[in-house]
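J.:
Protein chains: 2
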Amino acid sequence: LRDLLMMVPGPTIIPPEVREALAQPSLYHRGEAFAELLAECTRGLQGLLGTQQPVAILATSGTGAVEAMIVNTLSPGDRVLAVASGKFGRRMGEIAAVYGAAVTWSEVVPGEAANPVAVAEKLDADQYRALLFVYNETSTGVKQPAAGLAQVAVARGAMALSDCVSAIAGMPVAMDTWGLAGVAAGSQKALMLPPGLAVVALSEAALRAAGNARMPRFYLDIRKALASLGKGQTPFTPNVNAVLALRAALRLIYAEGLPEFQLRHRRLARACRAAALAAGLELLASSEECASDVVTAIRSPLGVDSGVLVRAVRERHSIVISGGQDSLKGAIFRIGHLGAAQLSDLCRTWEAIAAELRLLGYHCDPQACIAAAERAYAGKG
Amino acid sequence: LRDLLMMVPGPTIIPPEVREALAQPSLYHRGEAFAELLAECTRGLQGLLGTQQPVAILATSGTGAVEAMIVNTLSPGDRVLAVASGKFGRRMGEIAAVYGAAVTWSEVVPGEAANPVAVAEKLDADQYRALLFVYNETSTGVKQPAAGLAQVAVARGAMALSDCVSAIAGMPVAMDTWGLAGVAAGSQKALMLPPGLAVVALSEAALRAAGNARMPRFYLDIRKALASLGKGQTPFTPNVNAVLALRAALRLIYAEGLPEFQLRHRRLARACRAAALAAGLELLASSEECASDVVTAIRSPLGVDSGVLVRAVRERHSIVISGGQDSLKGAIFRIGHLGAAQLSDLCRTWEAIAAELRLLGYHCDPQACIAAAERAYAGKG
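Chains A and B, in that order, give the protein sequences. Using this note's numbering, the first residue of the first sequence is number 25, and each one after it goes up by one. Using this note's numbering, the first residue of the second sequence is number 25, and each one after it goes up by one.
Below you can see the structure in the form of structure tokens.
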């Protein structure tokens, strides 16, 4: 198997320190060493999520964590408003509907951010129990106004439940300050781990709601996870090696410094957008302000199927980028620049993209893309 | 962190080949290489489970897989009979109840195996949709008569759903021949992987039932997993490294030969029981026939809290064994002998146990235990 450069919005590049932790000998999961490990991870995750609340660690993918957040706080029949920002915003509403919630959609044009004022109007039209939204919509590369959305929900007594799967670590999350009732996140994004570990935090109020929430859950029961957390354990056999890897990743993040880590993400995102524009391409994000810090979605030039481009970049350059999903299939390609990704990785990626675009009949200059990326990263123009 | 010898019924010793696979660079999870990987794993798992049915791979612990098996095949209000063989048998019924099934219990004395005739009588008393049972009850070290239980369920039109979490690989499973409607298994037992990967297989009839089953599920929806499997993918981002490790483990098992691998488990179990008896201790399993091949539960001698023994063995010998759970807490200790465990590991474990028992005031001869284990392993006496 070749070592591919992962420039997708997850799974991402796994640093050697994290890979080593994954391969460590087993650690007893009911002992003191595991309890200390869990405590260190909890503190690190609280810092990333901006919360004093306990953080439950689950052995699932990010979707499992989002489902856990929903089924632990809601009951069948509850009215919820879901921000349909793209594939993942829609998924939140779909999960709630599967468990019997009455879901109303707040539609968002792909590439645009939700407007908190419009969402507030929707919320005013009915008695909603919760507002569901994705902070960073991975399918469109658009950052949703999490603070503003949380605020309009809180003001109307609705719980703000946010999918932060691709936002965690790479983008600032201030759960307590923003008033988020719940956040869910996954490991295979800026946390630089393989998939398979996920985290959920609920506010005090959401935890009280969990006591009365009637959506069924057993494996995803956060009350069990939090009760075990108090004893330094997990309710079901934890993925010990993944938790060891999580600690290694958190240590890398805090060694770089969380503000510096997130600044690097913003600079990489700026560099990626600059490269795209230098290639004469159009961004899917409708504004600089709403463009994601961790993934950039770019419209494929006329006549070029983005799936063909993505495959060529993977097969001939060993670099993995993403195409579009669902209605955006073929129309966009997406570059993840998160976690351990560096400017040099991004430049190598753009060199490959520009070369392949030329072979597909779209003329652009690889060197101009790279120069633009470097200038933007450095903060000049 | 010290390298502990894991002699618990999971997590188990992880062989170097599997650890290396865990630390491999990432592999693109929507490409051909992953599809081939998944196909090889599926074939290997089908061999372990004795089925021609597709096997869904989930990123959960074993409990998640058991829950998936239940919620994909049943509807709220369904009558189910659960064999309460111990902590894990009970858990199956608890999961079904959480999702609204009407659960009747078939009680089993801890240490005994369920009697298929008695279960058949229970089944005759009502219209049951399913029989839930654990094949290897990890909490008591007792093998349940899976073939017999499946047979009485099939004869009455009830689905036989079996938790094979700790049985897979180490004990023969013949899903198709026995007529099991579903099996669920986990990675951290005889499969020699860390926790976090689980598998579920459903029979043709159970898959048809899944189309009408009304227990809610999204992340655990087997239909999604099987639809993706057809494309060589998983519905949610898979734990790629765990799947690579699964392939490495399956290759180790088939290189040893599955019959030989399982014979080694039976010999180790016989050796463990012989050592216990040589120490003058009593087994929890009521007969040789129902004693588990993968975990042995031993009654703690009078006046010795098994929790104290377990801790001493861990802290002073770096060997991890288990105590009892729930009502058996303090009263039994359990030794896992599965996956990569060898006779030498078992002897080292008994030497430590015997030494610590003596310090706790119970007199037994470590050398006699080891000699008995060696004789039993070799098949003499």
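Glycine residues also receive a C-beta, built at the ideal position from the N, C-alpha and C atoms. These figures come from a predicted structure and were not determined experimentally.
Between the region 230-250 of chain A and the region 288-298 of chain A, are three or more C-beta pairs nearer than 8 Å?
T.: no
J.: Can you tell me where the alpha helix (DSSP H) with aspartate 148 of chain A in it begins and where it stops?
T.: Its alpha helix (DSSP H) spans residues 140-148.
J.: Using a Cβ-Cβ cut-off of less than 7 Å, give me the residues of the region 25-41 of chain A that come near chain B, in sequence order.
T.: For the region 25-41 of chain A, the beta-carbon criterion of a distance under 7 Å to any beta-carbon of chain B is satisfied by Leu25, Asp27, Leu28, Met30, Gly34, Pro35, Ile38.
J.: Can you give me the Cβ contacts of alanine 364 of chain A inside the same chain, cut-off strictly under 7 Å, excluding the 5 residues immediately before and after it?
T.: Thr36, Ile37, Pro39, Met216
J.: Any Cβ of chain A within less than 7 Å of the Cβ of isoleucine 377 of chain B?
T.: no
J.: Out of A:Trp129, A:Asp389, A:Phe260, which has the shortest C-alpha to C-alpha gap to proline 218 of chain B?
T.: Just measuring C-alpha positions, the residue of A:Trp129, A:Asp389, A:Phe260 sitting nearest proline 218 of chain B is A:Phe260.
J.: Quick check: the Cα distance between leucine 384 of chain A and alanine 336 of chain A, rounded to an integer number of angstroms?
T.: A direct Cα-Cα distance of roughly 10 Å separates leucine 384 of chain A from alanine 336 of chain A.
J.: Since I believe serine 85 of chain B is in contact with glycine 210 of chain B (beta carbons under 8 Å), could you give me their beta-carbon distance rounded to a whole number of angstroms?
T.: 6 Å
J.: Would you please verify whether the beta carbon of arginine 43 of chain A is less than 7 Å from any beta carbon of chain B?
T.: Chain B, which has a Cβ nearer than 7 Å to the Cβ of arginine 43 of chain A, makes this yes.
J.: Under 7 Å, Cβ to Cβ, is there at least one residue of chain C near leucine 362 of chain B?
T.: No chain C is present in this structure, whose protein chains are A and B.
J.: Run down chain A in chain order and give the residues with a C-beta less than 7 Å from the C-beta of phenylalanine 260 of chain B.
T.: Ser85, Thr87
J.: Under 7 Å between C-beta atoms, does glycine 220 of chain B make it to chain A?
T.: It does; some Cβ of chain A falls within 7 Å.
J.: For glutamine 168 of chain B versus phenylalanine 157 of chain B, is the C-beta distance shorter than 7 Å?
T.: yes
J.: Consult DSSP for glycine 347 of chain A and reduce its assignment to one of helix, strand or coil.
T.: strand
J.: Report all residues from its chain with a CB closer than 7 Å to the CB of leucine 25 of chain A; omit the five preceding and five following residues, and keep chain order.
T.: Model confidence at leucine 25 of chain A stands at a pLDDT of 40, short of 50, so the residue's coordinates are unreliable and nothing is read from them.
J.: Would you call the region 386-403 of chain B in contact with the region 341-356 of chain B, where contact means no fewer than 3 C-beta pairs closer than 8 Å?
T.: Touching, no.
J.: Could you check how far apart the C-beta atoms of serine 186 of chain B and valine 166 of chain B are, in whole angstroms? I think they sit under 8 Å.
T.: Contact doesn't hold; Cβ gap of about 14 Å is too wide.
J.: Starting from the Cα of isoleucine 277 of chain B, find the closest Cα among B:Leu69, B:Glu44, B:Arg54, B:Ala45 and give me that residue.
T.: Closest option to isoleucine 277 of chain B, judged by alpha-carbon separation, among B:Leu69, B:Glu44, B:Arg54, B:Ala45: B:Leu69.
J.: Could you give the distance in angstroms between the alpha-carbon of glycine 101 of chain B and the alpha-carbon of glutamine 48 of chain A?
T.: 46 Å
J.: Give the residues of chain A in contact with glutamate 284 of chain B, contact being defined as C-beta atoms less than 9 Å apart.
T.: Result: empty, since nearest Cβ-Cβ is about 25 Å, beyond 9 Å.
J.: Are three or more beta carbon pairs between the region 104-122 of chain A and the region 219-238 of chain A nearer than 8 Å?
T.: Judged by Cβ distances under 8 Å, the region 104-122 of chain A makes no contact with the region 219-238 of chain A, as fewer than three pairs qualify.
J.: Expressed to the nearest angstrom, what Euclidean distance is found between the alpha-carbon atoms of leucine 270 of chain A and valine 42 of chain A?
T.: 8 Å
J.: So, is leucine 61 of chain B buried or exposed, given that buried needs 16 or more other C-beta atoms within 10 angstroms?
T.: Only buried fits leucine 61 of chain B, as 16 or more other CB atoms lie within 10 angstroms of its CB.
J.: Short of 8 Å Cβ to Cβ, which residues in the region 197-216 of chain B face chain A?
T.: Listed by position along the chain: Gly210, Gln212.
J.: Could you name the residues of the same chain whose beta carbon sits closer than 8 Å to that of serine 130 of chain A, not counting the 5 residues immediately before and after it, in chain order?
T.: Correct list, in chain order: Leu105, Ala106, Val107, Ala108, Ala138, Ala142, Val143, Lys146.
J.: Taking 7 Å as the CB-CB cut-off, is glutamate 462 of chain A touching chain B?
T.: Outside the shown range of chain A (25 to 405) lies residue 462 of chain A, about which nothing can therefore be said.
J.: CA-CA distance, glutamine 391 of chain B and glutamate 375 of chain B?
T.: 7 Å
J.: Can you check which of these residues, A:Ala154, A:Gly347, A:Arg323, A:Lys213, is closest to histidine 361 of chain A by C-alpha distance?
T.: A:Lys213
J.: Taking 7 Å as the threshold (beta carbon to beta carbon), is alanine 63 of chain A in contact with chain B?
T.: Against chain B, the CB of alanine 63 of chain A has no partner CB under 7 Å away; the residue lies outside that interface.
J.: Keeping to the same chain, check which residues put their C-beta closer than 7 Å to that of alanine 379 of chain A; ignore five residues upstream and five downstream.
T.: Once the five neighbours on either side are set aside, the close Cβ partners of alanine 379 of chain A are Pro390.
J.: Does DSSP put serine 186 of chain B in a helix, a strand or coil?
T.: strand
J.: May I ask you to report which of helix, strand or coil DSSP gives leucine 326 of chain A?
T.: coil
J.: Please confirm if leucine 46 of chain B has its CB atom under 7 Å from at least one CB of chain A.
T.: Chain A, which has a Cβ nearer than 7 Å to the Cβ of leucine 46 of chain B, makes this yes.
J.: I'd like the list of long-range same chain contacts for leucine 28 of chain B, defined as Cβ closer than 6 Å, with 5 residues on each side in sequence excluded.
T.: Same-chain partners within the cutoff: Ser342, Val344.
J.: Does any residue of chain B bring its CB to less than 7 Å from the CB of valine 122 of chain A?
T.: Valine 122 of chain A counts as touching chain B.
J.: Using a Cβ-Cβ cut-off of less than 8 Å, give me the residues of the region 316-345 of chain A that come near chain B, in sequence order.
T.: Arg338, Val344
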